[in-house]
Amino acid sequence: MRSLGIAVIALFLLAGCIGGQIKENRRIPLAKDTAQSGIQSDVDWVIDYRYVFRQTDLQQPGKIELSFTLQRKRGFYSLTVFVNYLGGEGRVLGKNAIYNLGNRSGVVQVNEGPFETPPGTVAIAFTSVSRDFKSKQ
């Protein structure tokens, strides 16, 4: 029952962020059919990522194969990291949760896909939602 509650909360958070805009310095332009890699840092984590993006036509969904290692910079009550699919101007077209450290259990769930990307996807960005131990009290 607890996992259902977590899933519902994550779904509401996800729905609330679709259509938002990601700052230009956080966007990672997608290169088609070639393995790409990089590192992106946030106040809470550092992600070392690799991906291959396949898309035949910008008007059609694409597919991204993602692999990564994530290093947390501090302890958390919960942490969820998302890969966001961006259209022109950095608008969020969709997202997938790729890393979830869940409430008290310490269990980490990693999801590397492959994921279907929305039509019009030209870049990705990593974002997160976290709750530290102090805010839990």
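Okay, so the sequence shown: first residue is 19 according to my numbering, each after it adds one.
Ideal placement from N, C-alpha and C gives every residue a C-beta, glycine not left out.
How is Met19 classed by DSSP in three states: helix, strand or coil?
Taking the sequence shown and counting its residues from 1, one reaches residue 19 at position 1. Annotation note: pLDDT 47 at Met19 (below 50); position unreliable, no value reported.
Report the option in Val128, Leu111 and Phe133 whose CA atom is closest to the CA atom of Gln39.
The residue labelled residue 39 in the question sits at position 21 within the sequence shown. Answer by Cα proximity: Leu111.
Helix, strand or coil: which one does DSSP assign to Arg109?
As a working note, residue 109 is residue 91 in the sequence shown. In the structure shown, Arg109 adopts extended strand secondary structure according to DSSP, grouped into three states.
Tell whether a beta-carbon distance below 8 Å holds between Gly80 and Thr139.
If you number the sequence shown from 1, residue 80 lands on position 62. If you number the sequence shown from 1, residue 139 lands on position 121. In this structure, Thr139 lies closer than 8 Å to Gly80 by Cβ.
Please state whether DSSP places Asn102 in a helix, a strand or coil.
Numbered from its first residue, the sequence shown carries residue 102 at position 84. Asn102 falls in the strand class under three-state DSSP.
Measure the alpha-carbon distance for Glu134 versus Val101 and round it to whole angstroms.
Here residue 134 corresponds to residue number 116 of the sequence shown, with the count starting at 1. Here residue 101 corresponds to residue number 83 of the sequence shown, with the count starting at 1. If you take the alpha carbons of Glu134 and Val101, they lie about 12 Å apart.
How close, in whole Å, do the beta carbons of Ser96 and Arg45 come, if the pair is a contact with beta carbons under 8 Å?
Mapped onto the sequence shown, residue 96 falls at position 78. Mapped onto the sequence shown, residue 45 falls at position 27. Separation of the CB atoms of Ser96 and Arg45 is rounded to 26 Å, and the pair is thereby denied contact status at 8 Å.
How many Å lie between Asp51 and Ile82 at the Cα?
Residue numbering aside, residue 51 sits at position 33 when the sequence shown is read from its first letter. Residue numbering aside, residue 82 sits at position 64 when the sequence shown is read from its first letter. About 10 Å.
Name the two residues that bound the continuous beta strand (DSSP E) containing Ala49.
Locating residue 49 in the sequence shown gives position 31, counting from the first residue. No beta strand (DSSP E) holds Ala49; DSSP gives it neither H nor E.
Collapsed DSSP secondary structure at Glu42 in the structure displayed
For the purposes of this step, residue 42 is taken as the residue at position 24 of the sequence shown. In the structure shown, Glu42 sits in a helix (DSSP, three-state: H, G or I).
Identify which residue in Gln54, Leu76, Gly93 and Ser59 has its Cα closest to the Cα of Leu84.
As a first step, residue 84 is located in the sequence shown; it is residue number 66 there, counting from the start. Measuring from the Cα of Leu84, the nearest candidate turns out to be Gln54.
Residue of Gln77, Gln58, Glu42 and Gly120 minimising C-alpha distance to Thr87:
Residue 87 sits at position 69 when you count from the first residue of the sequence shown. Looking at the Cα atoms, Gln58 is the closest of the given residues.
Excluding the 5 residues preceding and the 5 following Val126 in the sequence, name in chain order all residues of the same chain whose CB lies nearer than 6 Å to its CB.
Walking along the sequence shown from the start, residue 126 turns up at place 108. If we look at Val126 and ignore the five residues flanking it on each side, its Cβ neighbours are Leu119.
Is DSSP giving Thr74 helix, strand or coil here?
Start at 1 with the first residue of the sequence shown, and residue 74 comes out as number 56. Correct three-state label for Thr74: coil.
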